[in-house]
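Below: one structure, written as structure tokens.
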Amino acid sequence: MPNAQFQNLYGGRTNQVWKVREENGGKVLKLYRTGLRNPLFRNDAALEAQCLRALEHTGFAPRLRATGQHENGRWVFYDHAPGSPWREGSPQVARLLRKLHKLDLPIQAPEGCNGSADLARHGQNILEGCTSVARQRLESLRPDEQILPSARICLIHGDPVAGNILVAGSELTLIDWQCPALGDPCEDLALFLSPAMQHLYRGKSLTHEEQDEFLSAYDDPETVERYHSLRRWYAWRMAAYCLWRVENGSPDYEAGFELETATL
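Quick note: the sequence shown uses the numbering used here, first residue 458, plus one each step.
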């Protein structure tokens with residue numbers, strides 16, 4: 458790419474990302490950082506490459522061009538998706554996630570959390586890395602609903618926050634596939650609806666009306682009912698994650714911690 462121009466992009470909160478301008482259209486180069494180990498969002502270049510290959514025919518994921526190793530880090534290179542980060546229109550996102558969750562693809566992804574026992578263990582593991590007095594406050598708010606694992610698992614994105622959903626007219630593209638899993642689809646619903654994640658990426662939480670519109674448009678009453686039964690567990694785990702981020706140098710997560718604990 459002798460005539461390519463590189464432009465820094467906002468690459469979420471984890472990796473270094475550039476837009477590569479060239480004659481044949483824009484591409485994205487993502488270099489994976491391997492420093493701080495994130496206890497909630499995996500950062501796996503091989504998984505992202507695998508998902509982009511498998512999802513190429515769907516039209517809602519970028520096309521992978523290449524992947525490889527650079528010194529101590531891995532990289533992926535894929536087509537630049539048009540559009541801007543999602544801001545409004547929650548039913549669009551619900552329909553996109555429903556489409557993803559109905560796919561049957563040979564993805565070799567790890568198992569996601571499934572049921573209250575898994576969420577309890579995961580949330581507690583995150584809290585084990587926290588030392589502030591807020592940890593005790595959150596432990597006292599731990600839910601007690603017991604929800605069994607679901608027999609239905611599928612490919613989930615694992616990080617469908619507003620910043621990872623690009624909108625171009627009526628078309629939506631899901632980017633940043635570095636933490637997918639084979640798990641409960643409720644996980645993706647909870648991550649999109651999370652007050653903390655909406656506040657961090659969009660500046661405000663969803664209204665009750667926007668949440669209801671999203672769940673209605675997802676059009677799967679059984680999964681929506683299961684999400685409601687697990688909602689407090691997802692909020693508790695997210696609050697633990699926000700606390701961990703605050704204690705590891707990200708004060709902007711403090712508002713997210715308060716938003717999530719308020720729902721408990």
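Backbone N, C-alpha and C define an ideal beta-carbon position, used for all residues, glycine too.
| Item | Value |
| --- | --- |
| Where proline 496 sits in the DSSP three-state scheme | coil |
| Spatial distance of alanine 551 from proline 496 (CA atoms) | 26 Å |
| Residue(s) in a DSSP beta bridge with glutamate 628 | Ala625 |
| Opposing strand residues paired with cysteine 611 [DSSP bridges] | Gly640 |
| Reduced DSSP category for phenylalanine 517 - H, G, I as helix; E, B as strand; rest coil | coil |
| 4-residue-minimum alpha helix (DSSP H) runs that sit fully inside the stretch 640-699, ordered along the chain | 643-650, 652-659, 665-675 |
| Cβ pair count under 8 Å reaching 3, the stretch 655-666 against the stretch 560-570 | no |
| Proximity below 7 Å, CB of proline 600 to CB of glycine 572 | no |
| Counted within 10 angstroms of its Cβ, other Cβ atoms place valine 590 as buried (16 or more) or exposed | exposed |
| Bridge partner(s) assigned by DSSP for histidine 527 | Gly530 |
| Contacting residues, own chain, Cβ-Cβ under 6 Å from glutamine 760 (five flanking each side not counted) | The displayed coordinates of the chain run from 458 to 721. Any statement about residue 760 would go beyond what the structure contains. |
| Status (buried if at least 16 other CB within 10 Å, exposed otherwise) for asparagine 705 | exposed |
| Residue span of the alpha helix (DSSP H) that contains lysine 559, given as start and end | Here lysine 559 belongs to no alpha helix (DSSP H), and DSSP marks it neither H nor E. |
| Cβ shell of glycine 406 (< 7 Å), same chain only, five flanking positions each side left out | Outside the shown range of the chain (458 to 721) lies residue 406, about which nothing can therefore be said. |
| Inter-residue Cα distance where the pair is lysine 683 and threonine 718 | Here residue 683 turns out to be arginine, not lysine, going by the sequence shown. Their backbone Cα atoms lie some 21 Å apart in a straight line. |
| Beta-bridge pairing of glutamine 507 - partner residues as DSSP gives them | DSSP output for glutamine 507 lists no bridge partner at all. |
| Range of the contiguous alpha helix (DSSP H) that encloses leucine 716 | 711-719 |
| Endpoints, the beta strand (DSSP E) within which leucine 486 is located | 484-488 |
| Contacts around alanine 547, its chain only, beta-carbon distance under 6 Å, and the 5 residues preceding and following it disregarded | The amino acid at residue 547 is misidentified as alanine; the sequence shows serine. Closer than 6 Å at Cβ, skipping near neighbours: Glu667, Glu670, Phe671. |
| Limits of the beta strand (DSSP E) - the one that arginine 478 falls within | 473-478 |
| Cβ neighbours of arginine 594 in the same chain (closer than 8 Å, five flanking residues each side left out) | Thr718 |
| Reference valine 485; option with closest CA among Ser597, Arg494, Val474 | Val474 |
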